[in-house]
Amino acid sequence: MSQDFDTLIRSQTKLQGRIIRAHDNFKKMGAANITQGAIEARLQNLEANWNKFEGQHDILQNKHAAALRNHEYNTKDLIETVEEQYIQQRAIFLDLLLEMRSNADNTLTNVERLHYLKTSLKGEAEKLVRNFTITGDNFERVWSALTEHYENKRLLVKSYCSAFTSLPRMKSETASELKRLFHSITGMVGALDSIGRPILNCSDMFVHMAVELLDSRSSYEWETAVSGSAEPPSYEILKHFLDRRLYTLEALSTARPDTEAIKSTGKSVNATAQSARAQSTRKQNSRCPLCQQDHYILHCSEYQQKQPRQRLEVVSTKDLCLNCLGQHLVTECQSKKSCMTCKERHHTTLHEACSTTGDTSALSSHVSNKVYETVQLSRCRDVATDQDCHSNVLFSNCLVEFLLGADTYAAILRPGLCNGGPLAPLAQQTTLGWILSGIAGSRKPQEAISSNQCAIDDQLTVLVRQFWEQED
């Protein structure tokens, strides 16, 4: 029974991670635990992971060729990438093993060295030197063969550069993402330097490509850090910046779990409260607040017979929602619907009442005839004038950050009123400071507008026509 395709792909991805992080995980053991036996064990483990990766790759090609054809495993040529990473990791362990053995005993003969070397090799490396007999003269030949095969600078440089160019960009402004990028960059630079290929001659391009992998916020911080100099930043400057940036993100991340816990708790409490309010609202809405029958107020015949102004009074006196007619405040309304006539935040049945009370700003003062007769005011006949809107801010592109309603105006008033006279504004002290209202400066002279009107009297035209007909 063949293995499942998805299971094999997941296994290959895990094996790739183990191969890539082989040396990094080895360093976590600590200097005191790094021994010749530990290096040999890690080298054997690396060989085993690579052999398993190759075996599962053959299974994928033989039994899942159709599914593999358009999969990212095949399109990105994962087998070649992992092979280059394996060669790179193996070369590191072989150098460590050679150094460990050289320091342990410099009196070993070439025959003994070759014996230890051949017994420690596995897989492809063992096949490469299998036909060499254990003699003193063959040690140099075997070592040269291994060096030429695994320390091919062209392949190593290709492997290092491929690993760097395949690095994904930071997904978010987090310490873990920056740490991944920082370790990959410094590791690649150190590896190139160890084989005699430092990036000194192409540091400008390397720094540019590395900065492109940062998140937007880190890129902004980088540009701010290097903006004081006209010279291109070096790799050392980039490394120092990444190190300090990583330190900052790690310091900030320590307080983030508590914040997230508070947010999570707050969301849970809010969700519970909203659920309770919703249940309470549903129970209350089951009974009409107007006639106390078991139906929604919108379906109430008594409510439907009322005029828009009367409906608005019912909503106000019963403390109903102006938007959905539910028994809650309009600020707590969860409904996404609005008036179908004007799309404002009120119910469609209240549109006429709300639209007539929507604008409380008058351009001029008016008085009714009843008040005029009662107070016995004097009249001054005037002609129509052309006036501009009193608020030019209405047509500007200013951003309104804070808007106070009439219900808040009374709450912010404080003792203090200054009247500047008939042609001066009025100053009122409030919690937010002094506010000005009224007229400012002399009144503009009103310019009379000539108005010519013409009317056609059809009856007069008919009479004149009849008169001339009689004369003829």
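Each residue of the sequence shown is one higher than the one before, counting from 1 in UniProt numbering. Every residue, glycine too, gets a C-beta built ideally from N, C-alpha and C. Note that the structure is predicted; figures quoted are calculated from it, not measured.
C-alpha gap between residue i and residue j, whole angstroms
{"i": "C454", "j": "Q470", "result": "29 Å"}
{"i": "S144", "j": "D137", "result": "12 Å"}
{"i": "Q459", "j": "F467", "result": "13 Å"}
{"i": "W222", "j": "N201", "result": "22 Å"}
{"i": "K52", "j": "T186", "result": "29 Å"}
{"i": "L8", "j": "L128", "result": "29 Å"}
{"i": "T135", "j": "F26", "result": "33 Å"}
{"i": "L98", "j": "D77", "result": "32 Å"}
{"i": "A125", "j": "L146", "result": "7 Å"}
{"i": "E352", "j": "C342", "result": "10 Å"}
{"i": "S184", "j": "T430", "result": "60 Å"}
{"i": "Y303", "j": "M340", "result": "19 Å"}
{"i": "S159", "j": "H23", "result": "16 Å"}
{"i": "W50", "j": "S229", "result": "47 Å"}
{"i": "D95", "j": "S227", "result": "42 Å"}
{"i": "P233", "j": "R154", "result": "28 Å"}
{"i": "H64", "j": "D243", "result": "45 Å"}
{"i": "I435", "j": "L423", "result": "17 Å"}
{"i": "S32", "j": "E112", "result": "According to the sequence shown, residue 32 is Ala rather than Ser. Cα to Cα, A32 sits roughly 26 Å from E112."}
{"i": "R130", "j": "Y116", "result": "13 Å"}
{"i": "L404", "j": "T331", "result": "15 Å"}
{"i": "L252", "j": "S176", "result": "12 Å"}
{"i": "H347", "j": "K306", "result": "15 Å"}
{"i": "D6", "j": "C333", "result": "47 Å"}
{"i": "H57", "j": "A91", "result": "23 Å"}
{"i": "Q61", "j": "L15", "result": "17 Å"}
{"i": "N419", "j": "Q293", "result": "55 Å"}
{"i": "N452", "j": "T461", "result": "21 Å"}
{"i": "K336", "j": "R414", "result": "38 Å"}
{"i": "Q36", "j": "H208", "result": "40 Å"}
{"i": "T317", "j": "P308", "result": "14 Å"}
{"i": "V314", "j": "A410", "result": "24 Å"}
{"i": "T13", "j": "H240", "result": "32 Å"}
{"i": "D4", "j": "S338", "result": "53 Å"}
{"i": "T165", "j": "V189", "result": "13 Å"}
{"i": "Q310", "j": "T374", "result": "30 Å"}
Integer Cβ distance of residue i from residue j, believed to fall under 8 Å
{"i": "I195", "j": "Y235", "result": "Rounded, the Cβ-Cβ distance is 17 Å, inconsistent with contact."}
{"i": "T75", "j": "S162", "result": "T75 to S162, Cβ: 15 Å. No contact."}
{"i": "L249", "j": "L178", "result": "6 Å"}
{"i": "P425", "j": "G433", "result": "Actually they are not in contact, since the Cβ atoms of P425 and G433 sit about 15 Å apart, beyond 8 Å."}
{"i": "V211", "j": "S219", "result": "6 Å"}
{"i": "L320", "j": "C354", "result": "About 14 Å separates the two Cβ atoms, so there is no contact after all."}
{"i": "F139", "j": "N110", "result": "4 Å"}
{"i": "V157", "j": "L192", "result": "7 Å"}
{"i": "I34", "j": "F93", "result": "Going by Cβ atoms, the distance from I34 to F93 rounds to 11 Å, so no, they are not a contact pair."}
{"i": "L322", "j": "L290", "result": "Incorrect: roughly 16 Å between the Cβ atoms, too far for contact."}
Residue i - containing beta strand (DSSP E), residue span
{"i": "G416", "result": "L413 to N419"}
In DSSP terms, what residue i is bridged to
{"i": "L436", "result": "A427"}
Residue range of the unbroken alpha helix (DSSP H) whose run includes residue i
{"i": "G326", "result": "Neither: G326 is in no alpha helix (DSSP H) and is coded neither H nor E."}
{"i": "G30", "result": "Here G30 belongs to no alpha helix (DSSP H), and DSSP marks it neither H nor E."}
{"i": "I20", "result": "F5 to I20"}
{"i": "R308", "result": "A small fix is needed here, since residue 308 is Pro in this sequence, not Arg. First-last of the alpha helix (DSSP H) with P308: P308 to T317."}
{"i": "I237", "result": "Y235 to S253"}
{"i": "K122", "result": "No alpha helix (DSSP H) contains K122, which DSSP labels as neither H nor E."}
{"i": "M188", "result": "A175 to S194"}
{"i": "K158", "result": "K153 to T165"}
{"i": "residue 474", "result": "The chain is shown only over 1 to 472; residue 474 falls outside these bounds and no answer can be derived."}
{"i": "residue 478", "result": "Summary: the structure shown does not reach residue 478, with the chain confined to residues 1 through 472, and so no result is reported for it."}
{"i": "F139", "result": "N138 to Y150"}
{"i": "E344", "result": "E344 -> no alpha helix (DSSP H), and no H or E assigned at all."}
{"i": "R169", "result": "No alpha helix (DSSP H) contains R169, which DSSP labels as neither H nor E."}
{"i": "S218", "result": "S216 to V226"}
{"i": "N70", "result": "Taken as a continuous stretch (DSSP letters only), N70 belongs to no alpha helix (DSSP H), as it is neither H nor E."}
Practice item. State whether the segment 208-226 contacts the segment 171-183, with contact taken as three or more CB pairs (one from each stretch) at a distance under 8 Å. Key: yes
Check your understanding: Hey, is the segment 114-126 in contact with the segment 42-56, meaning 3+ C-beta pairs nearer than 8 Å?
Key -> At 8 Å Cβ cutoff, the stretches touch.
Review point. Are the segment 72-92 and the segment 15-32 in contact at 8 Å, needing three or more beta carbon pairs?
Key: Contact between the segment 72-92 and the segment 15-32 is present, because at least three Cβ pairs lie under 8 Å.
Check your understanding: Is there contact between the segment 320-328 and the segment 285-303, where contact requires at least three CB pairs shorter than 8 Å?
Key -> yes
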